[in-house]
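Counting from 1 along the sequence shown, just add 65 to a position and that's the residue number in this note's numbering.
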Amino acid sequence: MSSKAAPAPKDTVSTVPPIMARIAHVMANLGIAGLPRNYELIFEALNGNAGVAREIAALGKAPEQAALDAIALRHSLPSHNVLAAGQAAGEAVRLLTEIAETSEANRRHRAASMQELEEISLRMRKDPVLGISDFASDTVRLLSIVRDLLGHDRSSAERIGDLQAHLDGLRSGLAFSREALTHDPVTGLANHAALLGRLKTFFQTEAEDGTAALLLFRVEQLKEFAETHPAGAAEKTLKRLASIFRRSVKKNDFVARTGPDLFCLLLPDVSREIAVTIARRIAGHVAEKPFPFLDRELPAGFLTLTAGVSMTDSADAPAMLYDQADQALTYAADTGIALRIYSAEVAERVGRGYRAGATG
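Next up, the structure:
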């Protein structure tokens with residue numbers, strides 16, 4: 066792999082990151098509401114998810130929000146899992162409220178029954194020589210109260226049990242939603258949302274401890290090749306790639322799949338030189354290996370990697386760091402090199418390309 070490493074000071078570029086500008090342009094053009102989950106949906110479409118892009122285009126101008134949410138649902142995007150988690154949280158509140166109300170109603174019923182039992186007991190103690198009819202009457206009432214009390218307790222316990230079972234189901238669903246929210250369903254790697262969360266933590270608590278590198282890799286030919294085959298055809302290939310990325314880094318490094326053909330590494334406490342070395346090593350592993358695809362094998366060298374690298378000392382926020390790596394990747398792909406580190410030259414070239422595309 067070749068690279069043109071050059072440090073980029075934080076004040077090099079003050080323009081809006083191209084991917085964010087593209088998202089805003091698409092949303093304004095289609096009349097899509099500026100909701101966070103819609104930003105994620107458009108990001109997914111622009112980041113290479115052809116299925117999402119086709120379905121959004123089919124909706125035409127000013128699509129209904131419900132239709133956009135349905136696309137997120139069909140493609141299991143994190144945005145939908147946030148919605149599902151929110152709905153589950155609301156249902157959990159309702160269930161807990163009903164459990165509390167059921168328990169309170171049972172408490173009041175028991176209190177009323179106990180008060181009546183105390184009154185009968187007091188009357189019997191005051192007059193131990195009751196008449197037969199009075200004694201029989203009190204005995205019947207005592208038995209009735211006890212039966213009613215036991216029956217009400219049993220009914221309340223069953224209802225609370227049902228509500229708790231429903232709550233347990235919601236808890237399991239929320240756990241699944243959390244997993245889906247932060248993990249790629251094919252490879253099991255962290256997804257784009259989880260990566261941004263990890264980057265946020267880094268910038269908040271670890272940035273002063275040392276410089277980290279973000280490596281963004283595109284698997285060349287994979288997306289185009291997979292799209293000519295049935296859905297899911299590349300699953301085995303993606304799992305093999307994920308395994309290579311996992312084995313190529315240390316335990317504390319962060320590995321994510323952030324797009325159909327995109328993988329990302331966050332490497333804490335590394336220099337530019339070490340980041341480039343690691344990127345080259347991973348690219349070499351991929352290039353020298355065959356990969357399973359459906360019932361056959363892709364020969365060694367069929368899949369290759371293009372990489373963009375950004376450093377945390379050149380960015381102020383997670384989205385900026387990721388966008389810089391994406392710009393470096395775009396620069397590398399456009400110029401036919403295998404790897405590029407983010408720099409002022411990269412920002413200027415990618416910015417010019419976007420402006421030309423927007424006005425053309």
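Glycine included, each C-beta is placed from N, C-alpha and C at the ideal position.
In the structure shown, P357 adopts extended strand secondary structure according to DSSP, grouped into three states. Rounded to the nearest whole angstrom, the C-alpha separation of A110 and E120 is 9 Å. If you compare the alpha carbons of A255, P357 and Q180 with that of F310, the shortest gap goes to A255. With 16 or more other Cβ atoms from the protein chains shown falling within 10 Å of its own Cβ, T371 counts as buried. Counting C-beta pairs closer than 8 Å gives fewer than three between the segment 261–280 and the segment 350–363, which falls short of the contact rule.
Counting along the chain, F290 sits inside no beta strand (DSSP E); it lies in the alpha helix (DSSP H) bounded by residues L287 to A291.
Taking C-alpha positions only, A176 is separated from R159 by approximately 26 Å. Judged by DSSP in its simplified three-state form, H90 adopts helix.
Taking all protein chains in view, the Cβ of I339 is surrounded by fewer than 16 other Cβ atoms within 10 Å, so the residue is classified as exposed.
If you draw a straight line from the Cα of Q286 to the Cα of A132, it is about 31 Å long. The three-state reading of DSSP puts H257 in helix, counting H, G and I together.
Beta-carbon to beta-carbon, T252 and L332 are separated by about 19 Å, too far to satisfy the 8 Å threshold. The residues V251, in chain order, have a CB closer than 6 Å to that of E300 in the same chain once the five nearest residues on each side in sequence are set aside. DSSP places L100 outside any beta strand (DSSP E), giving it a letter other than H or E.
With contacts defined by Cβ atoms closer than 7 Å, G96 and A118 do not form a contacting pair. Residue pairing by DSSP places A372 opposite F282 and L404 in a beta bridge. Selection K315, T293, D326 and H294 evaluated against R305 yields D326 as nearest (Cα-Cα). Between L260 and A321, the C-beta gap is smaller than 7 Å, which places the two residues in contact. DSSP places V341 in the uninterrupted alpha helix (DSSP H) bounded by R337 to A352.
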